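Every number in our numbering is 363 more than the matching position in the sequence shown, counting from 1.
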Amino acid sequence: MKPPVPPAPRRRRRRIDLLALALAPVGLSTVLLAEFTHGAPGTALLQGAAALIVFGGTLGAVLLTFSPSDVANACRAAGKAFQVPDNDVDTLASTLVAMAIRAHRRGVLALESDVETMTDPFFREALTLTIDGTTPEVFRELISIEQAARDADEEAPARVFEAAAGYAPTMGILGAVLGLMRVMQNLSAPGSLGTGIAVAFVATVYGVGVANLVLLPLAGRIRERAALASRRRDMIAHALDAVHQRLNPRMVARTLRVFSSSMPRIEDIASRMPQRVPMTPGRPA
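And the structure:
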């Protein structure tokens, strides 16, 4: 009779960070409120020509710098930046210590059954290298390359928004110059001066405002998520490197306490371990 196959871990639906969504427009709303407090009409900041220059010019510059797929990935990352991140550091640390205990008791090959149930690609790759018996030097080199590649991929969307934040104020200045050129060309027609001056100043507001109130905060939020994921991978790499070197599980637990201060004691983790049924790996980030 074949043993029952353990069910594949289900990915939980990410929750939306409602507080972050509620606080996101605070900066923009404050600027608009300050403008309206001085008696400016509601349409004072609505200038189609200025918007076309700033937003269209910024988009064109970004598409010239990055590929359309990079821009699309950045937009998707911006949406994910307002999801509540998985905070499974303590659970993952306990899982890694439990794996170290199993490897210490029954050998590294005892972890082979965990590879198939892994949903985190980095965790699966690192565990596979641990089981394959590569030398410590080769293990560290391969893991370092994998970490660097994944860090670069997750920070790429932030670079797109940072580049856009650099282009937007310049486009605003360009719109201001074009508006002033229109003013100078129509000095003999006072009725058209107001439109040119409005385009000039509103374009500058658009460029500076969208860069500092939208693009840079989005880039910072994406980079913060990338840093959390990088820290998680660093913890996995340190733990599996210790397992690969056949270090005592207490040394693994001591190392992981740098990353997780709320991790249970190693005695508690060992007491909860089943004697024959392998543990299920921790959730991916």
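Think of the CB as a built atom: it goes at the ideal place given N, C-alpha and C, for glycine as much as any other residue. Treat the numbers as computed from the prediction; the structure is a model and nothing was measured.
Residue i versus the options, residue with shortest Cα-Cα distance
i    : options                   : result
A519 : T498, I585, G390 and L427 : I585
R469 : P612, L505 and G572       : P612
L610 : A463, R596 and L396       : A463
Q446 : Q608, V452, R588 and L603 : R588
A391 : L578, R465, I506 and L381 : Reading off the sequence, residue 391 comes out as Leu, not Ala. Of the candidates L578, R465, I506 and L381, the one whose C-alpha sits nearest the C-alpha of L391 is L578.
A414 : M534, T400, S430 and R513 : M534
A592 : A527, V571, A531 and D514 : D514
R596 : E500, S507, I560 and V571 : S507
G572 : A461, D604, N450 and P388 : P388
P448 : L581, C438 and I379       : I379
E500 : Q608, L381 and S624       : Q608
C570 : V417, C438 and R503       : The sequence shown places Gly at residue 570, rather than the Cys named in the question. Selected option, being the one with the closest Cα: V417.
M547 : G538, I560 and T421       : I560
V650 : G420, S624, L576 and E630 : Absent from the structure is residue 650, since the part of the chain shown begins at 364 and ends at 648.
R503 : H467, L603, F399 and A385 : L603
Alpha helix (DSSP H) segment containing residue i, residue limits
i    : result
G423 : G420 to T428
D516 : P499 to Q548
A616 : P612 to L619
G585 : Gly is not the amino acid found at residue 585; the sequence shown has Ile there. That run of the alpha helix (DSSP H) goes L579 to H607.
L455 : V452 to R469
F485 : P484 to D495
R439 : P431 to K443
V628 : The sequence given here has Arg at residue 628, not Val. Careful: R628 lies outside any alpha helix (DSSP H) and carries neither H nor E.
S476 : E475 to V478
A678 : Absent from the model: residue 678. The displayed extent of the chain is 364 to 648, so no value can be given.
Contact belief for residue i with residue j at Cβ below 8 Å, rounded distance in angstroms
i    : j    : result
V471 : V615 : That belief does not hold up - the Cβ atoms of V471 and V615 are roughly 13 Å apart, past 8 Å.
L537 : G420 : 7 Å
Residue-chain proximity (residue i, chain C), Cβ-Cβ < 8 Å
i    : result
I464 : Structure shown: chain C not included; a single protein chain is present.
Beta-carbon proximity list for residue i, same chain, < 7 Å, skipping 5 on both sides
i    : result
D433 : A519 and V523
R487 : V478 and M481
S457 : M626, P627 and I632
R635 : none
G574 : According to the sequence displayed, residue 574 carries Ala and not Gly. Taken in chain order, the residues that qualify are A528, A531 and P532.
A440 : P520 and I585
E517 : A589 and A592
heavy atom of the ligand SAH below 7 Å from residue i C-beta
i    : result
G442 : Although the ligand SAH was asked about, the structure shown includes no ligands whatsoever.
Close beta carbons around residue i, own chain, < 6 Å, minus the five adjacent residues each side
i    : result
I332 : Nothing about residue 332 can be reported from this structure: the residues present for the chain run from 364 to 648 only.
A371 : Interpretation of A371 is limited by its pLDDT of 39, a score under 50 that renders its predicted location unreliable; the figure taken from the coordinates is listed afterwards. Correct list: empty, nothing qualifies.
H601 : T618
G411 : none
Q510 : R596
E653 : Any property of residue 653 remains undetermined from this structure, which presents the chain solely from 364 to 648.
Nonlocal neighbours in the same chain, by C-beta distance under 8 Å from residue i, ignoring five residues either side
i    : result
I494 : V471, L472, L474, E475 and V478
Requested in this report: Assess, as a yes-or-no matter, whether the region 616 to 625 is touched by the region 470 to 489 under the definition of 3 or more beta carbon pairs within less than 8 Å.
Outcome: no
Query raised in the report: Quick one: any contact between the region 540 to 547 and the region 557 to 576, if contact means 3 or more CB pairs under 8 Å?
Result: yes
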